[in-house]
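Protein chains in written order, with the numbering used here: chain U, 1 to 110; chain V, 111 to 226.
Now the structure itself:
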């Protein structure tokens, strides 16, 4: 099946810093989502981005489908950005499953 | 409204108890999902319902029994669970299962289950 690898696994930053999270996937995808899981467990949908670039406030994401990777940029980090960021992909071959990467655990220090 | 609600938020149960988890969405989505998430791991898919019919069962033990009474509601009935079943149980929904944007998933806040 499709493999999804996220890097780095852990990241500790000072408040105000910028960061780039990466998601590599092993096959072409029909759907790619970025999620933020806050410390209380809520998974928040950040972007649906199978290709191209999107921005939402301090967050932006770029997916280069031909090279099978996606990047999530967080600028001017805040402590509320702490949590785990998951990339999840779906191949669109009718197998109905979204595959999650193992996540990047981000800790923003005040 | 992009909200998926789950009740209860927390649940403690003994190995002989029977309990149910509930999930509800009013976004008109026709696909609903149950996931199990252990600490420091990604969510693991358990079941998928499409148009109220079970579409995927990821070889989940029979002590977990899903039910989709209508397109807005999804239940997970629990019976004779083991301590290793303690986890965060997440419900999600999407427009459908046709792939692409249709499968953009929206998650509920989860139920934290502890089995003693």
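For glycine and all other residues, C-beta sits at the position ideal for the given N, C-alpha and C. All figures in this text were calculated on a predicted structure; none of them were measured in a lab.
Query	Result
Reduced DSSP secondary structure (H/G/I, E/B, other) of residue 215 of chain V	coil
Three-state class that DSSP yields for residue 88 of chain U in the structure shown	strand
Closer than 8 Å to chain V by CB, residue 5 of chain U	no
Residue from V:140, V:126 and V:175 with nearest C-alpha to residue 114 of chain V	V:140
Boundaries of the beta strand (DSSP E) in which residue 142 of chain V is found, first to last residue	141-147
Status (buried if at least 16 other CB within 10 Å, exposed otherwise) for residue 192 of chain V	exposed
Cβ contact check for the region 17-37 of chain U and the region 45-58 of chain U: 3 or more pairs under 8 Å	yes
Own chain residues within Cβ distance below 7 Å of residue 118 of chain V, not counting five before or after	221
Cβ neighbour criterion (16 or more within 10 Å) applied to residue 88 of chain U	buried
Those residues which DSSP pairs with residue 197 of chain V across a bridge	V:223
Backbone CA spacing between residue 8 of chain U and residue 59 of chain U [nearest angstrom]	17 Å
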